[in-house]
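Below is one structure; the comments refer to it alone.
In full-length UniProt numbering, the protein residues as written are 1 to 805.
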């Protein structure tokens, strides 16, 4: 008899073992396949594996005891010639065998995975790693405690859902007790404080005491549950007659409508679970409402617990939509009475979905309390909170229609809802899919359960039932994939023949932009200081050296005279600094026109700006070409002043004008830089290409998503170089509007975003004399000032140069 009963228990628990193994492996796979940009420290992939025995412990009691209570087979078992103590021991022993086997499989799997080089717990060191330290004892003991309280609630309550709901407060009781002990020791510590850190000994003592008490209580409840039921008949022999002749009872006064009767019936068959979930959520909501102005929401703690509780309650509300009618095939009664599937679906959805609305009202109340304690911009919008709960509710009720076992639905429903929510966040954030796909993700679970309501009521779980659900799920999954494929297919790219020609041209250049001369910011070397921070005298000496413009001019001339240097690499900061110093030198000269030192300093500043523009223009780095544009703009503005030629001399004037008026040399330098930088990018290894850019022009905008960027980055860099070269060839003949249209093609946005908002075209500088200060945004794309009016102004300074139209 014991062997037969033990085999029955094994068969009864086998679906739960299979389900938790699949859910644990699915969670592990999803975390391991997460995008590289997501925070890995918060997503240790070992936790889903360690959660496999704990998940099993949650549902083992309800699977072994509550289901037999609901199907009324437990009474039949207790009527067999078998001692109640043996029945209790057999059920618990079978659960313990599977629990130990899951721990063995989990630990062997973790050790095998880590032996292959994968770190399951990257944020833990050797002393706190859950599988390489004594904390493993706590994990095992705690999961055994969960197994015991799972049987405790299963023996105590008749419904499996009620047992699982009451499981939650008992599961967190040791944590609350542990925190209470720590609080008594030091009341200044809080859950949000990093100073609160319970020791292993404290954890083991608290869980051990809780486990001992739970075992005693479980055994007591089990014996009471298997004891013969006491008679509930009244001692009054005339009670039934009095009840039948009671004129105060008039049931015919009002007749309920079918919809009202179905709502009443649906509520009463799940009343205990509804009241438990609603009461727990009410308590959490009231506490959150009271603590909202005082807690620090940025540190998690109670707020995270409140969100988790509300999410779990909402998911279980979705599970109750179908699991209440699955018990003893109750739904067949409604089907046989000819009640339509749509009416049944609406009445089953109305009460649980009303809970979602009430939860959002609570959130709104908590939100109003937060207004005085946090910035308004940090609030989660009410519509987003409603969507979050409705989404979790929808996927939980979809899972409940597919899985008829109430325990598996209760355990898997919140997990599936959480996975679906993670997937949809990934689809929106990392793939940047359209809102139409997001709407399809949200509506799909409700559409699937509505369409298959008739077959579910008739218990026709054939191939059409499963194929319809699979088709809707496949459609939802394919929508973002199709949107991504469409985006990649329509992504701009460089024609193949143009790419071949540019590769040949870049190969002939032979030089790489990475070896392109020197960088102006490192020309003045910094002396190392042996003892920490420099002294005041050392700071003054360094500042004087930086202020010595003649030293910079000499060093720049010396570097550019080297045969191995072809140009100067420069950025926006250096140009702004040189222009600013030139403006200051001019102001000093205007105040002291007869001061030879002021005139000499002014001449050096102008010469330094000229050398920067000339050296950067010879560079084959595209960023230097952009800097050279703004350096030339500043130089043209200075040459436009009526006193400049007299201050610097005619020969120097002619040399400076020759630089700013040479349009052909300027465009040739730009073209050489574009081809050289693109060739450098094209020759990068394929594994590193998605990190590459066109001379550090790597736009980083809010609409550029990780996956789309990864799949289209190379093609868009190619397209950027091609558009720049087309602009150099056609820009002289284009009108202003045609120039703008072509510039916007440099990095076109997708259909969901406005390219002009992503890359605002700066105002073209038509007359450099209108401003004394010029700077450029390093985040802008190259070509912003190409063929602008300042080039024509520079050409007009040289009478021998034919100005372009």
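The beta-carbon is built from N, C-alpha and C at its ideal position, and this holds for glycine as well.
(message) With the cut-off set at 7 Å, would you say residue 795 and residue 661 are in Cβ contact?
(response) yes
(request) Figure out for me which residue from 48, 33, 66 and 799 has the closest Cα to the Cα of residue 408. (result) 66
(request) Flag this pair as yes or no: are the beta carbons of residue 588 and residue 578 separated by less than 7 Å? (result) The answer is no: Cβ separation not under 7 Å.
(message) Given this structure, state the Cα-to-Cα distance separating residue 424 from residue 630, to the nearest angstrom.
(response) Approximately 45 Å, taken between the alpha carbons.
(request) Can you give me the Cβ contacts of residue 19 inside the same chain, cut-off strictly under 8 Å, excluding the 5 residues immediately before and after it? (result) 408, 411 and 412
(message) Check whether the segment 41–57 and the segment 432–447 touch, using three or more Cβ-Cβ pairs below 8 Å as the test.
(response) no
(message) Using the three-state DSSP reduction, which class does residue 788 fall into: helix, strand or coil?
(response) coil
(message) Once the 5 residues before and after residue 503 are set aside, which same chain residues still bring their CB inside 8 Å of it?
(response) In its chain, beyond the 5 residues on either side, 679 and 682 have a beta carbon closer than 8 Å to the beta carbon of residue 503.
(request) Pick out whichever of 199, 476, 452 and 70 has its Cα sitting closest to the Cα of residue 441. (result) Ranking 199, 476, 452 and 70 by Cα distance to residue 441 puts 476 first.
(request) Give the secondary structure of residue 454 by DSSP, where H, G and I count as helix, E and B as strand, and everything else as coil. (result) helix
(message) Less than 6 Å between C-beta atoms, sequence neighbours within five positions excluded: which residues of the same chain meet that for residue 633?
(response) 765, 768, 774 and 790
(message) Please return the same chain residues whose Cβ sits closer than 6 Å to the Cβ of residue 469, not counting the five positions on each side in sequence.
(response) 448
(message) Would residue 214 and residue 137 qualify as a contact pair, given that the criterion is a beta-carbon distance under 7 Å?
(response) no
(request) Could you tell me if residue 784 is buried or exposed, where buried requires 16 or more neighbouring beta carbons within 10 angstroms of its beta carbon? (result) buried
(message) Just to confirm my understanding: we take residue 645, look at its own chain, exclude 5 residues before and 5 after, and list those with CB closer than 8 Å. What are they?
(response) 639 and 653
(request) Could you have a look at residue 336 and say whether DSSP puts it in helix, strand or coil? (result) helix
(message) Rounded to the nearest angstrom, what separates residue 717 and residue 622 at their Cα positions?
(response) 13 Å
(request) Return the chain-ordered list of same chain residues with a C-beta closer than 8 Å to the C-beta of residue 557, the five sequence neighbours on each side being excluded. (result) 611
(message) Three or more C-beta pairs under 8 Å: does that hold for the segment 216–228 against the segment 152–170?
(response) yes
(message) Just to confirm my understanding: we take residue 166, look at its own chain, exclude 5 residues before and 5 after, and list those with CB closer than 8 Å. What are they?
(response) 153, 156, 157 and 276
(request) Quick one: measure Cβ to Cβ for residue 272 and residue 347, integer angstroms, because I've assumed they're closer than 8 Å. (result) The Cβ separation is near 19 Å, so there is no contact.
(request) With a 10 Å radius around its C-beta and 16 neighbouring C-beta atoms as the bar for buried, classify residue 239 as buried or exposed. (result) Only weak support exists for where residue 239 lies, its pLDDT of 48 falling under 50; the coordinates are left without a value.
(message) Could you give the first and the last residue of the continuous alpha helix (DSSP H) run that contains residue 469?
(response) 463–489
(message) In this structure, how does DSSP classify residue 63 when only helix, strand and coil are distinguished?
(response) helix
(request) Would you decide whether residue 614 is buried or exposed? Buried here means 16 or more other CB atoms lie within 10 Å of its CB. (result) Buried.
(message) If distances are taken between C-alpha atoms only, which option among 331, 26 and 5 comes closest to residue 843?
(response) No information on residue 843 is available, as it lies outside the stretch 1 to 805 that the chain covers here.
(message) Distance check for residue 443 and residue 88, CA to CA, integer angstroms please.
(response) 45 Å
(message) Taking the straight line between their C-alpha atoms, what separation do you get for residue 490 and residue 727?
(response) 22 Å
(request) With a threshold of 16 other CB atoms inside 10 Å of the CB of residue 708, please say whether the residue is buried or exposed. (result) buried
(request) To the nearest angstrom, report how far apart residue 747 and residue 720 are at their CA atoms. (result) CA-CA distance, residue 747 to residue 720, rounds to 6 Å.
(message) Could you tell me the alpha carbon to alpha carbon distance between residue 685 and residue 480, rounded to whole angstroms?
(response) 29 Å
(request) Note the first and the last residue of the continuous alpha helix (DSSP H) segment covering residue 130. (result) No alpha helix (DSSP H) holds residue 130; DSSP gives it neither H nor E.
(request) Could you check the C-alpha separation between residue 388 and residue 31 for me, to the nearest Å? (result) 21 Å
(request) Count the CB pairs spanning the segment 393–401 and the segment 47–63 that are closer than 8 Å, and state whether there are at least three. (result) no
(message) Quick check on this structure: which residue in 404, 120, 360 and 392 has the alpha carbon closest to the alpha carbon of residue 385?
(response) Closest option to residue 385, Cα to Cα, is 360.
(request) Could you check how far apart the C-beta atoms of residue 567 and residue 616 are, in whole angstroms? I think they sit under 8 Å. (result) 7 Å
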